[in-house]
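>
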Ligand code: HEM
Ligand code: SF4
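Chains as they are written, first to last, in this note's numbering: chain A, 1 to 563; chain B, 1001 to 1205.
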């Protein structure tokens, strides 16, 4: 992984000092509330429903065991002994005190971490595939480019106050595990026939109240021009993006207004001026950066327990865990293990400090001391020898972290919702829990099914791209829920459609169960839920979900505002 | 009275007094934040959100030390030949700085309006004035010119700062040294750490 040099460290240290000073001036009344807000946001500090919250950057989701141990320690010292991993591959501490944040930032800086630009109207933490570097279907490892983007965007002065937040994602594989097409700026990385790394650029994706799949505006961009091109995109957005209405300020609205083609032309005009300019990367730079992300010292000889197959036969739960939680690795004798943070009864994505410490230890023992955070709010040990799988499984089982449900109906993505978030229309954690409980027994049979839940239209829980989405809505101060069906982000991206009217909380799990029952009764062969939706149509699933129980629906007309 | 900071290429900062009308006056003093309340969270904020943001209509300053500041439209209408005294203009966030291509002669000062400190258009405007048009004169930040944005403003090629009336001048002067190094190119042409083509050439030279 990328290791700071003295200059990187000096920048992060200076940032801690700057924020300590800003906090001090705020507390003594020398900075107003309004003026302090963007300063704290650009250091990851929100003030939520019951407490300030700190969001810490985990660049493209990659952590060392030492960093994870520090997060555990921070959870213990400044929070209530846990943290929440988010769909943006970050971690949030829900219960911090504002005047202590600069101390937390200093602790983070001691392990080469920070909270810079994890919120605010600026270029946010860069995300990518949690299997980058090990995925069997990878064209190019995107992490070296993501790190270059991280550095370039860090404290970028021209783009410190954009019209709205700006999220950049990279995908370098056949399957887009980064949901890149619902980001403001998405790069598809590939090699051309000459072996040169090039990028397809998509702009204006997003979720929230106006969900959009990002259209392509540039193909064949050479990686050396990546930052110049990004500069052109951002300058166009910074100058022409709307600032009169925060709901219309994202780049997707500008792209919509101009049309992707026109927007692309504007960018191209700007790019003509900056191409070959000072942001052009040196020819050796990709190589230098790639060296940080080199393969660990894999064993070619097999060691340890050879009997994966025997254990799988003997222990059906281990068998299910290998099937669901161990992804195919570039190397046949390795696997990428997902540690599900979705056992029943736990808010999706939460991990206690003790669990984080234990996972850090397991990473040292089994996976070269590294951990990744997936946008599904799970943790990944990406380089585990297959001969260690049984030992790792047993260790995880002892920690209550061996839930064999990756990609299943119980592996729900879920935002903090009304339990924490000051913007929530409805709670989401208890709804996710009810759905998990209802579907737990059938989950293995149902197979791959992405259920994604947001407590309001902001879509932090990705409900637009869930095979089934759940959205909290407010009706006269009551919490109601809309169901969406048909969204996906894998080899293609599609937005889900609202089906039926809003329903009360207790109806959510039974409604979804009727959809999965309908699928089980009608699937063909090995067809996945989402493929059945595409074959049978959303209307069929609507009918299955709603006609059985018409009394449960609310009296007011169907809410369409999510689109 | 307020203060104008002038930043020189050497890194020296000089202060000059500014007359009324040439800076945004201090707003009323801030109440002290109550940490007990803030650490309790802010409850449900949905009803507090105001999606509509008022856009500035007029510049927040009308003058500089040597007279009034013209608008972009006034300057473009003017006959370039009769420039006997140094001229200053002010650009609004919606103004296109590229309209000044070929019309920079005779301009001593271009003021860039930061109607609200969180409106970042001024950064791109200053960047374009310096790097695209090659303007060598003074670029001055006016309006909500606050300590915590000075570093970024300076990086975008702004070299004078009409501090808002309440800003602490001594703290402001130190703001230019907030970060010991920077990652990326910006219009100040300061050395940066990303290994770009330009940086390698610079190192080799
Ligand atoms: C700290 C409390 C949070 C607040 C106040 C908050 C606020 C918001 C808002 C206002 C938006 C909509 C932006 C727009 O449409 O322009 C949004 C979008 C989003 N947030 Fe959050 N969020 C919070 C927590 C989270 C968490 C916990 C996650 C991850 C689980 C997350 C991930 C996202 C994602 C993925 C989006 C959609 C991407 C997009 O905007 O296109 N947020 N958030
Ligand atoms: S989706 Fe809404 S309720 Fe959930 S975290 Fe985001 S803003 Fe809060």
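No residue lacks a Cβ here, since even glycine has one placed at the ideal position from N, Cα and C.
Can you give me, in chain order, the residues of the segment 445-458 of chain A that have a beta carbon less than 9 Å from any beta carbon in chain B?
Taking 9 Å as the Cβ-Cβ cut-off against chain B, the residues of the segment 445-458 of chain A that qualify are 456.
> Can you list the residues of chain A that residue 1003/B reaches, using a CB-CB cut of under 8 Å?
Simply none; closest approach about 16 Å.
> Does any C-beta atom of chain A lie closer than 9 Å to the C-beta of residue 1151/B?
True, the Cβ-Cβ gap to chain A drops below 9 Å.
> Applying the 10 Å Cβ sphere with the 16-neighbour rule, what's the burial state of residue 477/A?
Burial call: exposed.
> Figure out for me which residue from 522/A, 110/A, 92/A and 541/A has the closest Cα to the Cα of residue 420/A.
That would be 92/A, whose Cα lies nearest to the Cα of residue 420/A.
> Tell me the DSSP secondary structure of residue 11/A in three-state form.
It is helical.
> For residue 1194/B, I'd like the list of residues in its chain whose CB is within less than 7 Å of its CB, leaving aside the five on either flank, ordered along the chain.
So the qualifying residues of the chain are 1183 and 1184.
> So, under 8 Å CB-CB, residue 1113/B and residue 1090/B are touching, yes? Tell me the CB distance rounded to an integer number of Å.
Indeed they touch by this definition, with Cβ atoms about 6 Å apart.
> Should residue 119/A be counted as a contact of the ligand SF4 given a C-beta to heavy atom distance under 8 Å?
Every heavy atom of the ligand SF4 is 8 Å or more from the Cβ of residue 119/A, so no.
> Rounding to the nearest angstrom, what Cα-Cα distance links residue 1136/B and residue 1130/B in this structure?
Their Cα atoms are separated by approximately 7 Å.
> Between the C-alpha atoms of residue 441/A and residue 359/A, what's the straight-line distance to the nearest angstrom?
Going by the C-alpha atoms only, they are around 27 Å apart.
> What residue from 378/A, 521/A and 369/A has the CA that sits closest to residue 384/A's CA?
Checked all of 378/A, 521/A and 369/A; the closest Cα to residue 384/A is 369/A.
> In the segment 1118-1143 of chain B, which residues sit with their C-beta less than 7 Å from some C-beta in chain A, listed in chain order?
So the close ones are 1118, 1119, 1120, 1121, 1123, 1124, 1127 and 1132.
> For residue 230/A, name the three-state secondary structure that DSSP assigns.
The answer is helix: DSSP assigns residue 230/A an H, G or I state.
> Please classify residue 81/A: does DSSP put it in a helix, a strand, or coil?
Coil, per DSSP.
> Please classify residue 556/A as buried or exposed, where buried requires at least 16 other C-beta atoms within 10 Å of its C-beta.
With a pLDDT of 41 at residue 556/A, under the threshold of 50, the predicted position of this residue should be treated as unreliable, and no value is reported.
> Could you list which residues in chain A have their beta carbon closer than 7 Å to that of residue 1011/B, in chain order?
Within 7 Å Cβ-Cβ: nothing; residue 1011/B doesn't reach chain A, min ~16 Å.
> Who are the Cβ neighbours of residue 426/A in its own chain at under 8 Å, not counting the five residues just before and after it?
Cβ within range, chain order: 417, 418, 455, 456, 472, 473, 474, 479, 480, 481 and 505.
> Using CA coordinates, which residue listed in 97/A, 105/A and 59/A is at the minimum distance from residue 86/A?
Nearest C-alpha to residue 86/A: 59/A.
> Exposed or buried, residue 11/A, counting other C-beta atoms within 10 Å across all chains shown (16 or more means buried)?
It counts as buried.
> Taking only heavy atoms of the ligand HEM into account, decide whether any of them is closer than 8 Å to the Cβ of residue 462/A.
Within the cutoff, so yes.
> Closest to residue 26/A by C-alpha separation, out of 1014/B, 1029/B and 1111/B, would be which residue?
For residue 26/A, the nearest C-alpha among the options comes from 1029/B.
> From residue 521/A to residue 301/A, what distance separates their C-alpha atoms?
Near 46 Å, if we compare the C-alpha coordinates of residue 301/A and residue 521/A.
> Output, in chain order, the set of chain A residues within a Cβ distance shorter than 8 Å of residue 1035/B.
Within chain A, the residues near residue 1035/B are 27, 97, 98 and 99.
> Please tell me whether residue 1051/B has its Cβ less than 9 Å away from any Cβ of chain A.
Chain A, which has a Cβ nearer than 9 Å to the Cβ of residue 1051/B, makes this yes.
> Name the chain B residues that come within less than 7 Å of residue 416/A, Cβ to Cβ?
Within chain B, no residue comes near residue 416/A; the closest Cβ sits about 12 Å away, beyond 7 Å.
> Output the distance between the C-alpha atoms of residue 1065/B and residue 1085/B, rounded to the nearest integer angstrom.
Roughly 12 Å separates the two Cα atoms.
> Run through chain A and tell me which residues come within less than 9 Å of residue 1180/B, C-beta to C-beta.
Per Cβ cutoff of 9 Å: 7, 10, 11, 13 and 14.
> If you draw a straight line from the alpha carbon of residue 498/A to that of residue 154/A, how long is it in whole angstroms?
Cα-Cα distance, rounded: 38 Å.
> So, is the C-beta of residue 1172/B closer than 9 Å to a C-beta in chain A?
Output row for residue 1172/B: interface = no.
> Tell me, please, whether the CB atom of residue 4/A is closer than 9 Å to any CB atom in chain B?
Not closer than 9 Å to any Cβ of chain B, the Cβ of residue 4/A fails to qualify, so no.
> Could you check how far apart the C-beta atoms of residue 146/A and residue 170/A are, in whole angstroms? I think they sit under 8 Å.
With a Cβ gap of about 5 Å, residue 146/A and residue 170/A count as contacting.
> So is the beta-carbon of residue 425/A under 8 Å away from any non-hydrogen atom of the ligand SF4?
Because some heavy atom of the ligand SF4 lies under 8 Å away, the Cβ of residue 425/A counts as near it: yes.
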